[in-house]
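Report on the following structure.
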Amino acid sequence: MIKNPLTRKNHKKATIFTGLLSAIAWTQYLTMCTTVYAADRVTIRYGFLEESTSVAELKKATETGQLPGSLQIYTSALSQEQRNWLVQGLKTRIPINVVTLNWLLNTQLGQTVINDIATVFDRRQYQSGVQAVRSGLILAASSPEGLSMLSFIAAYPSQTLRLNLPQVLTVGKFLNMDFFQTQQFLLMNSPQIDRQKPSINIPFDPTQTGTQKVEISRLNLSDDKRKRNIIVDIYWSNPTNGENNIEKPLIVFSHSSSSAGTDLQYLAQHLASYGYVVAALQNPGSNFFTNKGKVGLNYQEFLALPQDVSFVLDELAKVNQNPNNSLQGKLTTNKVMFVGYSLGGTTALALAGGELQIASLKSSCEKNAGKLSDVQSFMCLARQLPQNNYQLQDQRVKQIVALKPASSLLFGETGLTKIKVPTLVFTASADHVTPSLTEQINGFNRIPSPKWLAAAVGASHFSVVDPLVVNAFLNTNNTPITSREVVGAKSADVRNYVKAISLAMAAQLTPDANKYNVFLTPEYSQFASTPLFPFRLIAPSSSINTMGNTTGKN
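Here the sequence shown stands for residues 1 to 554, numbered as in full-length UniProt numbering.
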């Protein structure tokens, strides 16, 4: 079981020691530089309005529960509940320690965090703010109280801190408690990005293209019973040597909501170059291009998407028996690895045996109305389904790769415990669409072994999407969330890691499994880590034993 990130204390001693030395050095240096200049007043601006208060008054507010009278121009318009929320926000300790924070600030994501925080300052302070934010964060995290909004303000190296209130609220939406808790969890056992690569035996580079020439065929399938037309792109090859004549699983892809079947075309090409056949579905109810760019979903799609996969497998089984089709004999429809991204990842969990628990979903949606994240509100569409529970498992699916799935509400407390096949969940620490902590990490605890949790620190929701596809979507859907996406050439390292672990997972259903096991280890995640993206992999002992052999395969 993954322990709660707030309470887990099993840092490796050597890693702690190295991190502490670095953090202490920063703290001592910054303390000398900032003691005289630490903030003692805060000026808050909102349009043409401006009010000031002292740090001492803010500290007193956390003790009395009453906001300073000097801020009455703002607080008079707030409800008592909102005032309480602000007071609590000032003193709440952010769950990240100084060691992890120091590592985080040395990553690409850390630089983004610093730049984001710097934008809340008055433009006159912005330039110096970029350099000073790190000082304030490290000093605050090193204080006895730990890192909080108040300790950061008090440690910030400027006698007067000028804040732009609307920007404070915008940045706070992204740099919330879940965000920092996620970084703490994923980084606390991660390798430092400047540490020497581990000494492990890598038989070959799994990110490089295989030897097979890839062909693409398109099938237009019609499910007359359900009145759904499904386009399927088949990526395949003709094996050129004996090694590639071994029976391999059919790999089926499903894309995200309001996206397209070409989301992961680079990954389909990659797997096909190793002799696998990949069937990439264009989901008719959630296709960005056929729906002319409309973003949205009918609640019935939560059932229709897994049913689409089962229908396609039925049809591909017929194609496999057709002597007049070039795909005859190539489609192993009774042994399938399913790869789903975002909503497709949620579909993967359902096909693997995860039970949709609609009664629990309804209760959560009603109880937490107004407090749900965007993706949780999206999942609440399923509350319109008539039954309390749905079991949509397809026995032909032997294992799954779920890339950034949403799982916090749809499967309730026990739905994921019913998964029947080996499962790899991939998460990204800067994902604001399907947040890592609530949608992947917490749910991973409930999934039975064998299972793997792979993570990319600093990656965002669209980092895994093919660069040729993602630009069209982001250009049409420009929001505060999508504008923060790390995509294209910037996320090439992330896509390479996804190539490696997906290829290794596919091999688990072949006689070559042992050859690929190394790519499903924490050591390989450290080996693959880059200065921009530290990678992380959790492989419970029941998934991979000390000899590197997988267990529990079907």
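Glycine included, every Cβ here is placed at the ideal spot set by N, Cα and C.
Rounded C-alpha distance that separates residue i from residue j
{"i": "T521", "j": "P239", "result": "29 Å"}
{"i": "G146", "j": "I96", "result": "8 Å"}
{"i": "G370", "j": "M379", "result": "14 Å"}
{"i": "P166", "j": "A140", "result": "23 Å"}
{"i": "Q321", "j": "E315", "result": "10 Å"}
{"i": "V421", "j": "P540", "result": "15 Å"}
{"i": "G374", "j": "V498", "result": "The sequence shown places Asp at residue 374, rather than the Gly named in the question. Taking the straight line joining both Cα atoms gives about 26 Å."}
{"i": "R495", "j": "S460", "result": "12 Å"}
{"i": "A504", "j": "F519", "result": "6 Å"}
{"i": "R484", "j": "P511", "result": "42 Å"}
{"i": "R41", "j": "R162", "result": "9 Å"}
{"i": "S76", "j": "V98", "result": "37 Å"}
{"i": "K398", "j": "A352", "result": "8 Å"}
{"i": "I419", "j": "Q88", "result": "39 Å"}
{"i": "N110", "j": "G458", "result": "Note that residue 110 corresponds to Gly in the displayed sequence, not to Asn. Their backbone Cα atoms lie some 8 Å apart in a straight line."}
{"i": "L175", "j": "F462", "result": "18 Å"}
{"i": "Q108", "j": "T530", "result": "10 Å"}
{"i": "G415", "j": "G354", "result": "5 Å"}
{"i": "Y299", "j": "F311", "result": "19 Å"}
{"i": "P534", "j": "Q526", "result": "7 Å"}
{"i": "I246", "j": "D263", "result": "28 Å"}
{"i": "Q387", "j": "S449", "result": "29 Å"}
{"i": "Q528", "j": "Q384", "result": "In the sequence on display, residue 528 carries Ala and not Gln. Spanning the two alpha carbons is a distance of roughly 44 Å."}
{"i": "F48", "j": "T160", "result": "18 Å"}
{"i": "N201", "j": "Y516", "result": "11 Å"}
Helix, strand or coil at residue i [DSSP, three-state]
{"i": "S257", "result": "coil"}
{"i": "T53", "result": "strand"}
{"i": "T333", "result": "coil"}
{"i": "G136", "result": "helix"}
{"i": "V487", "result": "coil"}
{"i": "D223", "result": "strand"}
{"i": "R93", "result": "coil"}
{"i": "Y74", "result": "helix"}
{"i": "G47", "result": "coil"}
{"i": "A539", "result": "coil"}
{"i": "P534", "result": "coil"}
{"i": "S273", "result": "coil"}
{"i": "E215", "result": "strand"}
{"i": "R83", "result": "helix"}
{"i": "I441", "result": "helix"}
{"i": "G345", "result": "helix"}
{"i": "G340", "result": "strand"}
{"i": "V42", "result": "strand"}
{"i": "V319", "result": "helix"}
{"i": "F527", "result": "helix"}
{"i": "S465", "result": "The residue asked about is misnamed: residue 465 is Val in this sequence, not Ser. Coil."}
{"i": "F311", "result": "helix"}
Boundaries (first-last residue) of the alpha helix (DSSP H) holding residue i
{"i": "R495", "result": "492-507"}
{"i": "E247", "result": "Looking at the DSSP string, E247 is not in any alpha helix (DSSP H), and its letter there is neither H nor E."}
{"i": "L109", "result": "108-118"}
{"i": "I153", "result": "149-155"}
{"i": "Y516", "result": "513-516"}
{"i": "A459", "result": "Unbroken run through A459: none, as it is neither H nor E."}
Unbroken beta strand (DSSP E) run spanning residue i, endpoints
{"i": "A280", "result": "277-282"}
{"i": "L163", "result": "160-164"}
{"i": "A454", "result": "451-456"}
{"i": "D178", "result": "D178 -> not in any beta strand (DSSP E); alpha helix (DSSP H) instead, spanning 177-187."}
{"i": "V232", "result": "228-236"}
Beta-carbon spacing of residue i, residue j below 8 Å
{"i": "G412", "j": "Q357", "result": "yes"}
{"i": "P68", "j": "T92", "result": "no"}
{"i": "T182", "j": "S342", "result": "no"}
{"i": "K451", "j": "F426", "result": "no"}
{"i": "L86", "j": "L58", "result": "no"}
{"i": "P157", "j": "S135", "result": "yes"}
{"i": "T62", "j": "L150", "result": "yes"}
{"i": "V214", "j": "A272", "result": "yes"}
{"i": "L186", "j": "W103", "result": "no"}
{"i": "L424", "j": "P249", "result": "no"}
{"i": "S70", "j": "E50", "result": "no"}
{"i": "V171", "j": "V120", "result": "yes"}
{"i": "R226", "j": "L313", "result": "no"}
{"i": "L267", "j": "T346", "result": "no"}
{"i": "G275", "j": "S237", "result": "yes"}
{"i": "F302", "j": "L281", "result": "no"}
{"i": "A317", "j": "I400", "result": "no"}
{"i": "I231", "j": "G261", "result": "yes"}
{"i": "P284", "j": "R228", "result": "yes"}
{"i": "V130", "j": "N106", "result": "no"}
Uninterrupted alpha helix (DSSP H) stretches inside the region 348-434 (no shorter than 4 residues)
358-367, 374-379
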